[in-house]
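Structure first, commentary second.
Protein chains: 2
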Amino acid sequence: MPQAPLPSGSDAEPTEPLRTIVKDQRLDAAQAWLERYPPHVIADELARMDAVDAGVAFRLLHKDRALDVFEELKPVNQQQILEGLRDRSFLDLVEGMEPDNRARMLKEAPAKVVKRVLAGLSPNERRMTSALLGYPDGSVGRFMTPETVALAQDLTVEQALRTVRRKGADAETVYTLPVVDSGRRLTGIVELRELVLNELDTPVSDLVVTEPAYAWATDSAEAAARLMRETNDLNLPVVDSEGRLVGLFTIDDAVEVIEAADTEDVARQAGAAPWAGHYMAATVWQLARYRALWLSLLLVAATLTVGVTQAFEATLEQVAALALFIPMLIGAGGNAGAQAATACVRALAVGEVRGSDLLKVIWRECRVGLVLGALLAALGLVVGTVFVSADIALVVGITLVLICGWAATIGGAMPLLAKRLRIDPAVVSAPMVTTLVDATGLIIYFLTAKAVLGV
Amino acid sequence: MPQAPLPSGSDAEPTEPLRTIVKDQRLDAAQAWLERYPPHVIADELARMDAVDAGVAFRLLHKDRALDVFEELKPVNQQQILEGLRDRSFLDLVEGMEPDNRARMLKEAPAKVVKRVLAGLSPNERRMTSALLGYPDGSVGRFMTPETVALAQDLTVEQALRTVRRKGADAETVYTLPVVDSGRRLTGIVELRELVLNELDTPVSDLVVTEPAYAWATDSAEAAARLMRETNDLNLPVVDSEGRLVGLFTIDDAVEVIEAADTEDVARQAGAAPWAGHYMAATVWQLARYRALWLSLLLVAATLTVGVTQAFEATLEQVAALALFIPMLIGAGGNAGAQAATACVRALAVGEVRGSDLLKVIWRECRVGLVLGALLAALGLVVGTVFVSADIALVVGITLVLICGWAATIGGAMPLLAKRLRIDPAVVSAPMVTTLVDATGLIIYFLTAKAVLGV
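Structure below.
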């Protein structure tokens, strides 16, 4: 097998892309392509194509692979594909999907599609889908599988294995078996591994983990996913407000949730709106739209720098050389602030820092900033002396210490303040900190210049 | 159970932190605290304490929980704890660890510790650890578990289950069972689920997935982890250069790898060196050290802006008002460039964009930048007119269009160029793009001013 072309590794790239083949209407070649690659490679390729071509290619898929590919697509692409399908294949797909994938797709779909889907489902699937849609957006309830194999408390291993055999075929996973009491309240979990490795007459109660990690259905999916990363569990039981088992949050969904959350944080950090689609599938207008709001807000905020510079115009006219160092100084402040902000946003996201650490973080970042500022000041003294004169160099050096200390403090404090105000800390983007530090940094610069040069 | 204080949710924070209890030397209270919380919460708390206190607290742990807590710690913390332990508990811990966790810890440990550990291990554990350490740093070979339950090709379900029972206790997972030929070459995988759900006399060959995704042991762990996210596999078989099975890469390690890679990318994006420790456990000097190099390099690069401004000093003296808009213009350019760079770095990381998309990405980002620039120009015309005059406003507006188009192009191109040159695209940080755009943006600004104002 290892002689075959490798699906492994991130750089394994199909030689001729499917989109060119489909564009040229070489349908036999397209079919051969589709048979050759695994579902996730096909899904990635479909996501890069325009809606019409993706629909054409999808309809060429063998029926038994169509569902696998479909479940790998993002909701926005799933919806595009669905719109081009006739009733029979439409219903087969939708009925075959995992309930949680289906619920997430429906959330993004227009009302027309939702109606068509719900009308076509079997009563059981419809009931499960509606239940999932009842949980808040972004909650673990939306991402869990409701099809679990729950065990009663008083079984033997043999009886438990029989239950798994009877009910397991429909379940998304049988590796974590929640144990429930007569009121379906969660009392523990058993791993299938324990059932297989122990004697048939062992009481299940000997193998139960009685205080498993779990999530409330309304908990945020990201928090639940990060909890799973910490506990190394494959599946996290999800309970309703009464403590009754309602589903399992599986690790593959947790990985998707973490990756999506990280992508969202990254976009926010750069001052862009997060979105759910594929970069290469977005139009220029879409990309521009996701970035336009923040970019405009930041430009408006940056008019502060115009005002500040104007307020010190007299100083600037007296010592024209001061203008030379403006970009370098506010650049350094912006960078120091961005470093601190990014470190704190990430530390919050992975749980290393909490909102209550605010004062501690301010105190650390302030000192870090001053240390870095002192280092930059040494460089700044050289630059200033080379380009202009020693007294200007002194102004530049002192300003660098102050700006870096101030920028790191602000950069560290803002994400934690956001967290305390229940705003997503990731909106405290590097550009936001930079813009804020630009205006205040100019004030520091001009005041230092006035003090040192006596103008 | 759900009445109990919840380990669930990311904000569940212990009421009194263990570090204060240990600082006050209230050892009984510390012991009670340690019994109350699950291993991952204890590990997080230990990571926030200084080395001495963490050692004290760790030694208070019940022996049967110590290993669970220890395996949750990061290598740097594990090493600190180990240094404070006497021989017996030291050896118990090290012998009990999973081979892959042990290998990763040893990689970061000083030679003295490595020697002590290897000398104390049983021959079998020592052999496995040395084998893992033989794979390159960051490769999936370092993260896989070598203890797998491999099946021969010609078994029945009953025989396969017997093999699982016999060898499963030592294996990290029994849910994915690699199938190998007589030369131990990987020929497929069987899921334990299939064995449990099918009749005992079913031939395993009926249940085998014959073309599973897999990784070479020397593949990057991040690429393998992202592949698992796409294929939704719980475990990825790892083979050597001959195609022989050498281990399984488990999903919990894949999640850690993805999270660590994202944290690293985030740090790089902000122009800081990535590191493996806990934010709250780092000293001020450590934090400063991780950021100092880039900050200094960027400052040196920023002296370009001093040179550019000096070159246009005559223009600036003729029209002093031009100085007012310098921070705003280079800020806007930096922001537009950072947005584009961040989007492309992330798209590369999750596999939506490849190095071969360079020209396509340049063409899209250039247009996105011009669209955004036109939007900002409208705002810039207003700002310019309000603060100074219509002709300066025109200079500002034109400059915004050009700077944004240029910045987005550069921001989009640089990560892909880095990828093609086999440099980690994440080193193309927002600060790096910003600094580059600062100097070139000033040239655009002054040239535009000369052309429009005729100075």
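Just so you know, the sequences run in chain order A and B.
One point on numbering: in UniProt numbering, the residue at position 174 of the first sequence is 174, and numbering is uninterrupted.
One point on numbering: in UniProt numbering, the residue at position 429 of the second sequence is 429, and numbering is uninterrupted.
Cβ coordinates follow ideal geometry from the N, Cα and C atoms, glycine included.
It should be emphasised that the depicted structure is a prediction, and the values quoted were computed from it without experimental measurement.
Chain-order list of residues whose beta-carbon lies under 6 Å from that of residue i (same chain, five-residue window excluded)
i	result
residue 200/A	157, 158
residue 7/A	Its pLDDT being 42, under 50, residue 7/A is placed unreliably by the model, and the measurement read from it follows with that caveat. Only 38 meet the Cβ criterion.
Under 8 Å from the C-beta of residue i: neighbouring residues of chain A
i	result
residue 135/B	The contacting residues do not exist; residue 135/B stays about 15 Å from chain A at best.
residue 316/B	320, 323
Own chain residues within Cβ distance below 7 Å of residue i, not counting five before or after
i	result
residue 453/A	319, 391, 395
residue 153/B	179, 181, 187, 205
residue 91/A	120
residue 342/B	269, 430
residue 11/B	Because residue 11/B carries a pLDDT of 43, less than 50, the predicted location of this residue cannot be relied on, and no value is offered for it.
residue 30/B	18, 21, 22, 57, 60
residue 84/B	55
residue 103/A	129, 132, 133, 142
residue 225/B	254, 257, 258
Range covered by the alpha helix (DSSP H) that runs through residue i
i	result
residue 382/A	358 to 387
residue 90/A	87 to 96
residue 440/B	430 to 453
residue 412/A	390 to 420
residue 290/A	284 to 311
residue 481/A	The structure shown does not extend to residue 481/A, since chain A is modelled only from 1 to 455, so the question has no answer here.
residue 125/A	123 to 133
residue 337/B	326 to 349
residue 106/A	99 to 108
residue 44/A	39 to 48
residue 30/B	27 to 36
Cross-chain neighbours of residue i in chain B, by beta carbon under 7 Å
i	result
residue 325/A	306
residue 21/A	Neighbours of residue 21/A on chain B: none; closest Cβ ~17 Å, over 7 Å.
residue 330/A	327
Within chain A, partners of residue i - CB distance below 7 Å
i	result
residue 89/B	Here the premise fails: no neighbours, minimum Cβ distance about 23 Å.
residue 278/B	352
Boundaries (first-last residue) of the beta strand (DSSP E) holding residue i
i	result
residue 238/A	235 to 239
residue 178/B	176 to 180
residue 55/A	Counting along the chain, residue 55/A falls outside any beta strand (DSSP E), though it belongs to the alpha helix (DSSP H) covering 51 to 59.
residue 190/A	186 to 191
residue 247/B	245 to 250
Beta-carbon proximity of residue i to residue j, cut-off 8 Å
i	j	result
residue 369/B	residue 405/B	yes
residue 256/B	residue 59/A	no
residue 174/A	residue 337/A	no
residue 403/B	residue 329/B	yes
residue 378/A	residue 385/A	no
residue 51/B	residue 74/B	no
residue 139/A	residue 267/A	no
residue 137/B	residue 115/B	no
residue 41/B	residue 277/B	no
residue 251/A	residue 189/B	no
residue 16/A	residue 43/A	no
residue 332/A	residue 400/A	yes
Chain-order list of residues whose beta-carbon lies under 8 Å from that of residue i (same chain, five-residue window excluded)
i	result
residue 263/A	274
residue 353/A	344, 347, 361, 416
residue 150/A	177, 178, 179, 180, 184, 245
residue 171/B	145, 147, 148, 149
residue 248/B	144, 145, 148, 172, 173, 176, 178, 235, 236, 237, 238
residue 372/B	336, 404, 408
residue 113/B	79, 82, 83, 106
Amino acids of chain B, ordered along the chain, whose beta-carbon sits closer than 8 Å to that of residue i
i	result
residue 357/A	280
residue 44/A	230, 351, 352
residue 251/A	234, 251, 252, 255
residue 165/A	196, 197
residue 168/A	193, 196, 197
residue 296/A	375, 376, 379
residue 364/A	284, 287
Chain B residues whose Cβ lies nearer than 9 Å to that of residue i
i	result
residue 387/A	303, 306, 307, 310
residue 77/A	Per Cβ cutoff of 9 Å: no residues; residue 77/A is ~12 Å from chain B at best.
residue 391/A	Near residue 391/A there are no residues of chain B at all, since even the closest Cβ is about 16 Å away, more than 9 Å.
residue 62/A	Neighbours of residue 62/A on chain B: none; closest Cβ ~15 Å, over 9 Å.
Checklist entry - For the 8 Å Cβ check, are there 3 or more pairs between the segment 215 to 223 of chain A and the segment 232 to 250 of chain B? => result With a cut-off of 8 Å, the segment 232 to 250 of chain B and the segment 215 to 223 of chain A do not count as touching, because too few Cβ pairs lie within range.
Checklist entry - For the segment 314 to 332 of chain A against the segment 305 to 315 of chain B, are there 3 or more C-beta pairs whose distance is under 8 Å? => result yes
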